[in-house]
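Presented below is the structure to which this report refers.
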Amino acid sequence: MNRPAPAALTVAELAHGPLPGVRIIGAAGTGGEVHDVRIVDQLDALDTLRPHTAVVLAGTVARTGWTVEMALRKAWEHAAACVVVPDLATDEESVGTLAERLAVPLLLTSEDTLAAAVRIASAVARPEAGRTALLARAAQELADAGPRADAVLSTLHAVLSATTVALTDGAGNLLAGRRAALDALKDRSSPPPVTMVTVEVPGPDRRVLGRLVATVRGDAPGWPGTVEDVLRLAVAPLTAWAAERRLLADRDSRFAGALLRRLLADGAPDPDVRAEAVALGWPVSGPLVAFAIRQAGESDTDRSDIDAALRAVWPSRGHGPLVVLDDTWVAWQGPRTPARQPGDEGTEDEETRADEEARLRQAVNDVRKVVTALAGYAPLAAAVAGPGGDLTELTPLLESADAAAQVAAAAGAGTVVRADQLGPAQMLAAVPAAQLRGTAEAVMARLLAVDPDGSLRQTLTAVLDTGAAPSAAAVRLGVHRNTVAARMDRIRALGYDIDDPQQRLALHLACHVLGTPPH
Numbered sequence: 095m096n097r098p099a100p101a102a103l104t105v106a107e108l109a110h111g112p113l114p115g116v117r118i119i120g121a122a123g124t125g126g127e128v129h130d131v132r133i134v135d136q137l138d139a140l141d142t143l144r145p146h147t148a149v150v151l152a153g154t155v156a157r158t159g160w161t162v163e164m165a166l167r168k169a170w171e172h173a174a175a176c177v178v179v180p181d182l183a184t185d186e187e188s189v190g191t192l193a194e195r196l197a198v199p200l201l202l203t204s205e206d207t208l209a210a211a212v213r214i215a216s217a218v219a220r221p222e223a224g225r226t227a228l229l230a231r232a233a234q235e236l237a238d239a240g241p242r243a244d245a246v247l248s249t250l251h252a253v254l255s256a257t258t259v260a261l262t263d264g265a266g267n268l269l270a271g272r273r274a275a276l277d278a279l280k281d282r283s284s285p286p287p288v289t290m291v292t293v294e295v296p297g298p299d300r301r302v303l304g305r306l307v308a309t310v311r312g313d314a315p316g317w318p319g320t321v322e323d324v325l326r327l328a329v330a331p332l333t334a335w336a337a338e339r340r341l342l343a344d345r346d347s348r349f350a351g352a353l354l355r356r357l358l359a360d361g362a363p364d365p366d367v368r369a370e371a372v373a374l375g376w377p378v379s380g381p382l383v384a385f386a387i388r389q390a391g392e393s394d395t396d397r398s399d400i401d402a403a404l405r406a407v408w409p410s411r412g413h414g415p416l417v418v419l420d421d422t423w424v425a426w427q428g429p430r431t432p433a434r435q436p437g438d439e440g441t442e443d444e445e446t447r448a449d450e451e452a453r454l455r456q457a458v459n460d461v462r463k464v465v466t467a468l469a470g471y472a473p474l475a476a477a478v479a480g481p482g483g484d485l486t487e488l489t490p491l492l493e494s495a496d497a498a499a500q501v502a503a504a505a506g507a508g509t510v511v512r513a514d515q516l517g518p519a520q521m522l523a524a525v526p527a528a529q530l531r532g533t534a535e536a537v538m539a540r541l542l543a544v545d546p547d548g549s550l551r552q553t554l555t556a557v558l559d560t561g562a563a564p565s566a567a568a569v570r571l572g573v574h575r576n577t578v579a580a581r582m583d584r585i586r587a588l589g590y591d592i593d594d595p596q597q598r599l600a601l602h603l604a605c606h607v608l609g610t611p612p613h
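Residues in the sequence shown are numbered consecutively from 95, following this note's numbering.
Next up, the structure:
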């Protein structure tokens, strides 16, 4: 069976694999293929170079700067792959500029150039062995770098010459590495061809943690495959990095709280803060739904014990982190709505609203199960806010959830509310009624004076609660619609105008502060 010949080694694969102790001067051109090797110890030999040749300078030709520069120029004229010289044999600054400009890499080797030539010849004859050597070096250097995102990306750049690499979150935001890796395909000034290599990085929970994205320049057919192999070697230390950060957060809740405060303070978090959030498995893509849980009254159970119990029953998947922020446990989750399918009825806006409503209802049900599960252990209340925004809008979202949770806690243990559906009674429950009662009695003074049985106040409350709909108020009160209309005429005659927005709000609040008389 005939098999296709393996693709030739690139200069980068050659330099970082079979050749030990090599430094590359001039990154441009390292994606070029190496088909042959030529030892040059006489200047006239530079006139007979062949394309894709590794030019190894030896003897007196390798000892002076001007001969090295001549070799670079001749290599460029004949489309040679690279020039190899002894380390410290020339002025790096001057020849480096020339090598970069001509896109002819200069390889500085610490061993004898003749020995280097033998290694190159062997690697060119067996390209797969050369790639194996590169992968072995990459694996060793990644192991030495340890489970740190920035160290892993630095190692990748050291191993993959002329290749830019970035680590992104699921939304494509930069976490570590170089932004150029993400911008290369958009930059029309970049010299073609440009190939994008992408490898998914799973987190400790097997969900996608992020993606490694590498931009490969040049048309060497074997290089993108080697880049992908090296990126895959980086997956394990990145997953270990995330596991290590999560273990730290589990052991010390202060770590998660401090990170959340940095996240909220930054507004638009920098890559380092975003990377920490992604490592912990925190949702970073919107629209987000926020949760807030508070104690509803005194408890004989120690707060640290409540914290442990709450974390034990908090859903482990899809509900985001549970972080202590001052007196509140907060959490947030990313979108879980399935993609809209072709042929689905309804407009996109209608679909979005329906998805958001279903998502909020599910969030309320989920957090109610948590509060109910601990009802016999600790009095808790909770609130849900959103959906809206991404990490840049997390601060107002959590503030909204926390404010609603305070209302829920004031209403009593087991209460779960939605921030977007709080009514006057729920909001007022969070304010000591004694502070508002005097004002409420002043607003309602004329009505209270002529309403000994409370029927007018009862009717006014029902009308305002039902959106000034007499029929709905009549059903709620169990009376005829005409009875409601007659009572409202009496109220208007006292000088109250529920069509005036300011009066309507004051009256509505006063009704709930004073309480609705039984009927």
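Backbone N, C-alpha and C define an ideal beta-carbon position, used for all residues, glycine too.
No experiment lies behind these values; they were computed from the predicted model shown.
What first and last residue would you give for the alpha helix (DSSP H) that runs through residue i?
i, result
"Trp317", "317-345"
"Trp160", "159-171"
"Leu250", "243-253"
"Val407", "397-407"
"Val155", "From DSSP, Val155 is part of no alpha helix (DSSP H); its letter is neither H nor E."
"Glu487", "Where Glu487 is concerned, there is no enclosing alpha helix (DSSP H), given that its DSSP letter is neither H nor E."
"Arg540", "539-543"
"Leu236", "221-239"
"Leu554", "549-559"
"Ala197", "Premise fails: Ala197 is in no alpha helix (DSSP H) and is neither H nor E."
"Arg368", "365-373"
"Leu468", "Per DSSP, Leu468 belongs to no alpha helix (DSSP H) and is neither H nor E."
I'd like the span of the beta strand (DSSP E) that includes residue i, first residue to last.
i, result
"Ile585", "Ile585 -> not in any beta strand (DSSP E); alpha helix (DSSP H) instead, spanning 575-587."
"Arg132", "130-134"
"Val417", "417-419"
"Thr66", "An answer regarding residue 66 cannot be provided, because it is not within the stretch 95 to 613 covered by the chain."
"Ala148", "147-151"
"Val424", "422-427"
Per DSSP, residue i forms a beta bridge with which residues?
i, result
"Gln456", "In DSSP, Gln456 forms no bridge with anything."
"Gln389", "Leu474"
"Cys605", "Partner(s): none; Cys605 has no beta bridge."
"Leu382", "Gly482"
"Pro296", "Val302"
"Pro180", "Thr203"
"Glu127", "Thr104"
"Met290", "Thr309"
"Gln515", "BP columns for Gln515 are empty, so no partner."
"Gly120", "The partner list for Gly120 (beta bridge, DSSP) is empty, contrary to what the question assumes."
"Val510", "Ala476"
"Gly271", "Ala260"
Would you say residue i and residue j are within 8 Å of each other, going by their C-beta atoms?
i, j, result
"Leu571", "Ala556", "yes"
"Ala230", "Ala223", "no"
"Arg453", "Pro481", "yes"
"Ala156", "Thr191", "no"
"Ala369", "Leu269", "yes"
"Gly618", "Ala314", "Beyond the ends of the chain as shown, which are 95 and 613, falls residue 618; an answer cannot be given."
"Val178", "Ala209", "no"
"Arg213", "Leu113", "yes"
"Ala469", "Gly506", "no"
"Leu151", "His172", "no"
Out of the options, which one is the CA nearest neighbour of residue i?
i, options, result
"Arg345", "Arg397, Ala359, Ala390, Ala402", "Ala402"
"Arg355", "Leu603, Val302, Glu493", "Glu493"
"Phe385", "Gly414, Asp364, Asp399", "Gly414"
"Ala109", "Ala502, Gly428, Asp594, Ser204", "Ser204"
"Leu608", "Asp484, Val537, Thr466", "Val537"
"Gly123", "Ala175, His129, Ala101", "Ala175"
"Arg301", "Ala373, Pro564, Gln515", "Ala373"
"Val324", "His251, Arg598, Val128", "His251"
"Gln234", "Pro363, Gly111, Arg132", "Gly111"
"Thr395", "His172, Leu474, Gly266", "Leu474"
"Leu153", "Gly266, Arg144, Val134", "It is Gly, not Leu, that sits at residue 153 in the sequence shown. The shortest Cα separation from Gly153 among Gly266, Arg144, Val134 belongs to Val134."
"Ala499", "Glu451, Gln552, Leu419, Ala467", "Leu419"
"Glu163", "Leu601, Pro145, Ala148, Leu200", "Leu200"
"Val321", "Pro180, Glu187, Pro296, Thr292", "Thr292"
"Arg225", "Ala476, Gly304, Trp317, His602", "Trp317"
"Val310", "Val131, Val149, Ala121, Ala265", "Ala121"
"Ala479", "Asp460, Asn267, Trp426, Ala472", "Trp426"
"His146", "Asp130, Trp160, Thr161, Ala350", "Asp130"
Quiz item: Taking contact to mean at least 3 C-beta pairs separated by less than 8 Å, is the region 192-201 in contact with the region 163-170?
Solution: yes
Practice problem: Could you say if the region 326-334 and the region 237-255 meet the contact criterion of at least three C-beta pairs nearer than 8 Å? | Solution: yes
Quiz prompt | Inter-stretch contact (C-beta, 8 Å, three-pair minimum) for the region 546-560 and the region 576-587 | solution = yes
Quiz item: At a cut of 8 Å, does the region 247-259 reach the region 102-116 through at least three beta carbon pairs?
Solution: yes
Quiz prompt | Contact between the region 129-138 and the region 110-118 (3+ Cβ pairs under 8 Å) | solution = no
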